[in-house]
Amino acid sequence: MANETRLEYDSLPAVTPSYLRAATTLSGGLAGDETIPPIVAELPDLEVRAEELAKYRKVCGFQHGPHLPVTYPHVLAFPMHMAVLTHKRFPLKLLGLIHLRNDITQYRAIETAEKLHIEVSVGGHREVEKGVEFDLVTRVRDRAGELIWQEDSVMLSRQKTNVPKSAKKKRDDGLGFEPDEQTTWDVPENIGRRYASAAGDYNPIHLSPWSAKLFGFPRAIATGMWTKARAAAELEPKLEKSAYTLSLGFKKPVFLPSQARFAYSVHEQGADFALTNANGDIVHLLGDIRYL
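Numbering follows the working numbering, with no gaps: position 253 of the sequence shown is 387.
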């Protein structure tokens, strides 16, 4: 692709330089006809480290088994996400980006001993009422080159756009499905630090009350990808197939510490699920699983 920037690795890049670039990038935005240029990072033959996988399983609630948790390739690719989103050609500020939606398609279960080819890419944008949206895409292939896993993350950078404000929507308190089961999650104050230790995601809004306050939050909030992984860990043993798309939208943050209610319905097409506060009147996330 013309004007494409390629980052080629033979091992995962260190995340510390990316965090330093993120912390020292004071401004960012798109002007005029500018868009996000195509940036692609690629790493072949990545091996999973058993001790890191075990740590992730423990903090997210996954059972031990011969296959990777459905959300684990996101963690494997995270250093490459950081490298792409802090590259000098990426025009937006990383700190302050909002993760709106995350869709993962697992075409087959991935064995823990497999060597994986990972590719991360961005490019282009969409103007919306609240700012600029873009897609961060991660693809995982096996040694034969077959696509076995893909993640599409929709990210938002708040800034002024020419999109007119729409009429305020009437609040919908429903979940869109009738739950068959529900469980209570105790979300501890230290879950952001524990997840960071297992996944490498040290975003300050998840680590402590004082660091979260620097970004306008009264308390630290749970990492969105931890809530997704925790949901997947609870649902995976109930699923009949290993090839599916796991989609969700992030709604309201989960402040730490707190109790949350996980409600779900498993059916022949997959499952529907939601995470709310303990009273059920604040929705943190809504998602579904659909078999391929």
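Glycine included, each C-beta is placed from N, C-alpha and C at the ideal position.
Only a predicted model underlies this, so the values are computations on that prediction, with no experimental measurement involved.
To which residues of the same chain is A332 closer than 6 Å at the C-beta, ignoring the five residues directly before and after it? Here residue 332 refers to the residue found at position 198 of the sequence shown. Only residues of its own chain outside the window of five on either side were considered, and among them K189, Y190, V193 have a CB closer than 6 Å to the CB of A332, listed in chain order.
Mind pulling the beta strand (DSSP E) runs of 3 or more residues that sit fully within the segment 274-356? The DSSP assignment places complete beta strand (DSSP E) segments of no fewer than 3 residues inside the segment 274-356 at 281-292, 315-321, in order along the chain.
For F407, three-class secondary structure by DSSP: Within the sequence shown, the letter at position 273 stands for residue 407. Secondary structure of F407 (DSSP, three-state): strand.
So if DSSP puts R235 in a beta bridge, which residue, or which two residues, is it bridged to? Indexing the sequence shown from 1 puts residue 235 at position 101. Answer is V288, G383, bridged to R235.
Would you grab the beta carbon distance between L382 and L419 for me? Rounded to a whole angstrom, and I think it's under 8 Å. Counting from 1 along the sequence shown, the entry for residue 382 is found at position 248. Counting from 1 along the sequence shown, the entry for residue 419 is found at position 285. 5 Å between Cβ atoms; contact.
In the DSSP output, which residue or residues are listed as bridge partners for E142? Here residue 142 is taken as the residue at index 8 of the sequence shown, counted from 1. For E142, which the question treats as bridged, DSSP gives the partners E176.
Taking 8 Å as the cut-off, decide whether the C-beta atoms of G326 and A278 are in contact. Position 192 of the sequence shown, counted from the first residue, corresponds to residue 326. Position 144 of the sequence shown, counted from the first residue, corresponds to residue 278. In this structure, A278 does not lie closer than 8 Å to G326 by Cβ.
Who pairs with S399 in a beta bridge, going by DSSP? For the purposes of this step, residue 399 is taken as residue 265 along the sequence shown, with counting starting at 1. S399 pairs with D406.
Hey, quick one: how far does the alpha helix (DSSP H) through H208 stretch, first residue to last? On the sequence shown, residue 208 is found 74 positions in, with the first residue counted as 1. Note, H208: alpha helix (DSSP H), 206-219.
Measure the C-alpha to C-alpha separation of L231 and R292 and round it to an integer number of angstroms. Reading the sequence shown from its first residue, position 97 is the one you call residue 231. Reading the sequence shown from its first residue, position 158 is the one you call residue 292. Rounded to the nearest angstrom, the two C-alpha atoms are 8 Å apart.
Ordered along the chain, which non-local residues of its own chain (more than five positions away) have a Cβ less than 8 Å from that of A157? On the sequence shown, position 23 is the one that residue 157 refers to. L229.
Less than 8 Å between the beta carbons of T379 and R424, yes or no? The residue given as residue 379 occupies position 245 in the sequence shown. The residue given as residue 424 occupies position 290 in the sequence shown. Going by beta carbons, T379 and R424 fall inside the 8 Å limit.
Thinking just about the alpha-carbon of each residue, which of E138, A365, L146, H233 is nearest to the one in L180? Looking up residue 180 in the sequence shown gives position 46. For the residues E138, A365, L146, H233, the minimum Cα distance to L180 belongs to L146.
Quick test of your reading: P200 and G334, contact by CB under 8 Å. State the CB separation rounded to the nearest angstrom. Position 66 of the sequence shown, counted from the first residue, corresponds to residue 200. Position 200 of the sequence shown, counted from the first residue, corresponds to residue 334. With a beta-carbon spacing of about 24 Å, P200 and G334 fall beyond the 8 Å limit used to define contacts.
Going by alpha carbons, who is nearest to D144 out of L234, A184, H251? In the sequence shown, residue 144 corresponds to position 10, counting from 1. Looking at the Cα atoms, H251 is the closest of the given residues.
If we ignore side chains and look at the alpha-carbon of each, how far apart do L290 and N236 end up? In the sequence shown, the residue the question calls residue 290 occupies position 156. In the sequence shown, the residue the question calls residue 236 occupies position 102. Cα to Cα, the separation comes out at about 12 Å.
Inspect the CB distances between the segment 268-283 and the segment 239-256 and report whether three or more fall short of 8 Å. Yes, the segment 268-283 is in contact with the segment 239-256.
Could you check how far apart the C-beta atoms of L390 and A354 are, in whole angstroms? I think they sit under 8 Å. As a working note, residue 390 is residue 256 in the sequence shown. As a working note, residue 354 is residue 220 in the sequence shown. The pair is a contact, with the Cβ atoms about 5 Å apart (cut-off 8 Å).
Starting from the Cα of R395, find the closest Cα among F311, T317, E374 and give me that residue. As a working mapping, residue 395 is identified with position 261 in the sequence shown. The residue from F311, T317, E374 with its alpha-carbon nearest to that of R395 is T317.
Cα-Cα separation between K362 and G195, rounded to whole angstroms: Indexing the sequence shown from 1 puts residue 362 at position 228. Indexing the sequence shown from 1 puts residue 195 at position 61. Going from the Cα of K362 to the Cα of G195 covers about 11 Å.
Close beta carbons around A365, own chain, < 7 Å, minus the five adjacent residues each side: Walking along the sequence shown from the start, residue 365 turns up at place 231. Cβ neighbours of A365 beyond the five flanking positions: F396, F407, L409, G421.
Is DSSP giving A394 helix, strand or coil here? For the purposes of this step, residue 394 is identified with residue 260 of the sequence shown, where counting begins at 1. DSSP places A394 in strand when its eight states are reduced to three.
Drop a sphere of 10 angstroms on the beta-carbon of G358, count the other beta-carbons inside from all chains shown, and report buried for 16 or more, exposed for fewer. As a working note, residue 358 is residue 224 in the sequence shown. Around the beta carbon of G358, 16 or more other beta carbons lie within 10 angstroms, which makes this residue buried.
For my contact list, Q197 and P371 are in at a C-beta cut-off of 8 Å; report their separation, rounded to the angstrom. Here residue 197 refers to the residue found at position 63 of the sequence shown. Here residue 371 refers to the residue found at position 237 of the sequence shown. About 7 Å; that satisfies the 8 Å criterion.
Identify whether R183 lies in helix, strand or coil by the three-state DSSP scheme. What you label residue 183 is simply residue 49 of the sequence shown in a count that begins at 1. DSSP places R183 outside both helix and strand once states are collapsed to three, so it counts as coil.
For T159, I'd like the list of residues in its chain whose CB is within less than 6 Å of its CB, leaving aside the five on either flank, ordered along the chain. As a first step, residue 159 must be located in the sequence shown, where it is residue number 25. Correct list, in chain order: K227.
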